[in-house]
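What follows is a short report on a single structure.
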Amino acid sequence: MNNNYFESYVIGRISSAIVLVMLVGAPFLIGKVLGAMPDIGAAGKAFLSVGLVWTVSSVVEFLVYTPMLGAGGGYLAFITGNLINMKIPCAVNARDIVGAKTGTPENEIVSTLSIATSSLVTIIVLALGVALLVPLQPVLQSPTLQPAFENVVPALFGAMAYKYFRGNMKIAAAPLIVMSILFILVPSLTGSTSFMIIPAGALAIGIAYKFYRKAGA
Numbered sequence: 051m052n053n054n055y056f057e058s059y060v061i062g063r064i065s066s067a068i069v070l071v072m073l074v075g076a077p078f079l080i081g082k083v084l085g086a087m088p089d090i091g092a093a094g095k096a097f098l099s100v101g102l103v104w105t106v107s108s109v110v111e112f113l114v115y116t117p118m119l120g121a122g123g124g125y126l127a128f129i130t131g132n133l134i135n136m137k138i139p140c141a142v143n144a145r146d147i148v149g150a151k152t153g154t155p156e157n158e159i160v161s162t163l164s165i166a167t168s169s170l171v172t173i174i175v176l177a178l179g180v181a182l183l184v185p186l187q188p189v190l191q192s193p194t195l196q197p198a199f200e201n202v203v204p205a206l207f208g209a210m211a212y213k214y215f216r217g218n219m220k221i222a223a224a225p226l227i228v229m230s231i232l233f234i235l236v237p238s239l240t241g242s243t244s245f246m247i248i249p250a251g252a253l254a255i256g257i258a259y260k261f262y263r264k265a266g267a
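Quick note on my numbering: the sequence shown kicks off at 51 and runs consecutively.
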């Protein structure tokens with residue numbers, strides 16, 4: 051088991067390094083081929099303006115999601131991206147269907163397979179979307195359907211979240227109420243949900259720790 055986990059981490063680290071080099075190097079390679087290299091100084095300033103801020107969110111997402119996904123699922127999810135919208139809902143739903151528990155080998159296998167399936171389905175859907183973009187453009191840009199497109203993710207997470215809220219209402223109630231009031235009073239925060247995970251998660255952990263101490267007293 052330990053050897054398998056070690057191999058998973060080695061493969062994950064190598065794959066992550068390769069993907070990182072490809073993602074960062076692609077713009078420079080394209081710029082060199084086309085004779086339009088990006089300004090290194092401007093690119094560095096642009097990265098510093100947003101990269102340092104998103105680094106905090108990335109660390110928090112890593113700490114929150116990795117225990118849920120396991121080693122293989124975690125590496126694959128962070129390499130392919132789009133965790134909140136696709137990978138996490140897919141992995142959580144698959145885990146619930148088979149009844150796997152967090153931290154078990156079963157959860158590791160289910161998470162990895164579900165995230166891989168989600169990635170493959172995404173590629174297929176994107177390929178079909180590109181091929182059908184022109185004929186479907188009038189439908190996709192229809193004002194009637196815009197509200198539906200804007201509420202797909204909230205509807206998905208609302209349905210999934212209720213199950214966990216119901217099972218841990220004492221812990222979930224305070225973060226849910228506080229965040230709901232905060233988003234109502236400051237609507238602009240809805241565009242920064244990744245950052246709001248930090249205070250909401252800290253509040254939930256604090257409440258859980260308080261109940262744990264109270265139960266052990």
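Ideal Cβ placement from N, Cα and C applies to all residues, glycine included.
Remember, it's a predicted structure, so these values are computed and weren't measured experimentally.
task = Answer with buried or exposed for M136, where buried requires no fewer than 16 other C-beta atoms within 10 angstroms of its C-beta.
result = buried
ask   = Alpha carbon to alpha carbon, how far is L186 from N143?
value = 30 Å
ask   = Which first and last residues belong to the alpha helix (DSSP H) in which L239 is found?
value = Neither: L239 is in no alpha helix (DSSP H) and is coded neither H nor E.
message = As a quick exercise: from V175, V74 and A223, pick the residue whose alpha carbon is nearest that of I90.
response = V74
ask   = Using 8 Å as the Cβ pair cut-off and three pairs as the minimum, do the stretch 240-257 and the stretch 214-229 touch?
value = Proximity of the stretch 240-257 to the stretch 214-229 meets the contact definition, three or more beta-carbon pairs being nearer than 8 Å.
task = Please work out which residues of its chain come closer than 6 Å, Cβ to Cβ, to T105, disregarding the five sequence neighbours upstream and downstream, and give them in chain order.
result = For T105, where only same-chain residues beyond five positions count, there are no Cβ hits under 6 Å.
request  = Please report the residue range of the alpha helix (DSSP H) in which L190 lies.
outcome  = In the DSSP assignment, L190 falls within the alpha helix (DSSP H) that extends over L183 to L190.
request  = Can you give me the Cβ contacts of G62 inside the same chain, cut-off strictly under 6 Å, excluding the 5 residues immediately before and after it?
outcome  = Closer than 6 Å at the Cβ level, and outside the excluded window around G62, lie Y125.
key: Buried or exposed by the 16-neighbour rule on C-beta atoms within 10 Å, applied to P225   = P225 counts as buried, since no fewer than 16 other beta carbons sit within 10 angstroms of its beta carbon.
query = Just the Cα atoms here: how many angstroms apart are D146 and L239?
reply = Whole-angstrom Cα-Cα distance: 30 Å.
message = Excluding the 5 residues flanking A248 on each side, which residues of the same chain have their C-beta closer than 6 Å to its C-beta?
response = According to the sequence shown, residue 248 is Ile rather than Ala. Taken in chain order, the residues that qualify are V110.
message = Excluding the 5 residues flanking S168 on each side, which residues of the same chain have their C-beta closer than 7 Å to its C-beta?
response = M136, K137 and C140
ask   = Using CA coordinates, which residue listed in I68, A177, I134 and T116 is at the minimum distance from F207?
value = Ranked by how close their Cα comes to the Cα of F207, the residues I68, A177, I134 and T116 have I134 in first place.
query = Looking at the structure shown, is D146 part of a helix, part of a strand, or coil, going by DSSP?
reply = helix
task = Quick one: residues in its chain with C-beta nearer than 6 Å to the C-beta of I68, no 5 flanking neighbours on either side, listed in chain order?
result = none
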